[in-house]
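*Asks:* Number 250 in the working numbering belongs to position 220 of the sequence shown; there are no gaps in the numbering.
Note that the Cβ used here is the ideal one computed from N, Cα and C, for glycine as well.
So that we are looking at the same thing, I have put the structure below in structure tokens.
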Amino acid sequence: MQITYHSHSCLRLVLNDGTTLLIDPFISGNELSDLTPETVTADYVLITHGHGDHVGDLLSIAKKNAATVIGSAELASYAEHHGLKAHGMNIGGAFEFPFGTVKMVFAQHSSGLTQADGTSLYLGEPAGFVIQADGKTIYHAGDTAYFSDLKLIAEDFKVDVAFLPIGDNFTMGPNDAVKAAQAVEAEQTVPIHFNTFPVIKQDPQKFVAALAEKNLNGKVMAVGETMTV
Ligand code: NI
Ligand code: MN
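Structure follows, in structure tokens:
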């Protein structure tokens with residue numbers, strides 16, 4: 031498969047058979063994004079949690095592409111209410127899709143979509159995804175704090191590439207993300223969720239250097255950069 035990083039938490043996976051998975055499409059209002067909601071294509075749109083910088087352009091993209099939305103049960107209801115196809119899941123559950131298996135795993139965070147009146151629409155518990163397709167295992171951590179149960183991912187999976195937030199303030203920062211990378215034991219760790227806003231400004235190269243000190247393989251992906259896994 032090919033994985034392209036589109037800034038913040040947004041990834042686009044193109045599987046060997048051409049199936050396309052878009053994760054957390056925060057494009058409008060994201061100055062770092064290299065995508066345009068009108069042209070990006072996806073067969074499935076996966077959403078880790080209900081915050082605006084993850085739900086992003088979900089509604090317009092999923093509608094335009096007739097894509098299936100994958101997320102929490104509450105997020106799926108929200109998508110269906112907006113006329114979209116959706117597959118709701120919950121923490122600890124895995125499902126075999128035509129393209130491969132997705133397991134929804136814990137993230138320590140919150141999950142509400144801010145409404146025009148300032149209230150929050152509850153969209154289920156925040157999550158990460160373990161995606162198995164093309165014989166590879168990808169872990170997208172979503173927005174999470176460091177917590178010891180991240181070790182459970184390494185118990186169950188041999189992760190090829192882990193995408194971990196390093197921005198701090200809203201998620202774990204670089205020091206905790208190194209501990210998370212040690213827990214997950216992925217072949218390769220890629221930092222996400224940084225530099226989009228002033229409060230999450232980080233030096234990803236410094237993070238990768240800190241990983242190297244722990245004998246872990248890290249890689250900074252530039253916005254728009256594609257890796258073949
Ligand atoms: Ni969040
Ligand atoms: Mn976020």
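(1) Measure the C-alpha to C-alpha separation of I222 and P55 and round it to an integer number of angstroms.
(2) For A192, collect the residues of the same chain with a Cβ closer than 6 Å to its Cβ; drop the 5 residues on either side in sequence, then sort them by chain order.
(3) Have a look at A92 and G118 and give me their C-alpha separation to the nearest angstrom.
(4) Report the residue from G123, N245, N225 and G142 whose alpha carbon sits nearest the alpha carbon of Y108.
(5) Is the Cβ of A157 closer than 8 Å to any Cβ of chain D?
(6) Does H117 come out as helix, strand or coil in the three-state DSSP assignment?
(7) Should D147 go down as buried or exposed, given a rule of 16 or more other Cβ atoms within 10 Å for buried?
(8) By alpha-carbon positions, which one of G86, V70 and L45 ends up nearest to N60?
(9) Leaving out five residues before and five after G254 in sequence, what residues of the same chain have Cβ atoms less than 8 Å from its Cβ?
(10) Take G113 and list the residues in its own chain whose beta-carbon comes closer than 8 Å to its own, dropping the five residues that flank it on each side.
*Replies:* Inspection of the coordinates gives the following:
(1) 13 Å
(2) Y169, V214, A216 and T219
(3) 15 Å
(4) G142
(5) The question asks about chain D, but that chain is absent: this structure has only one protein chain.
(6) strand
(7) exposed
(8) G86
(9) T34, Y35, H36 and D64
(10) K93
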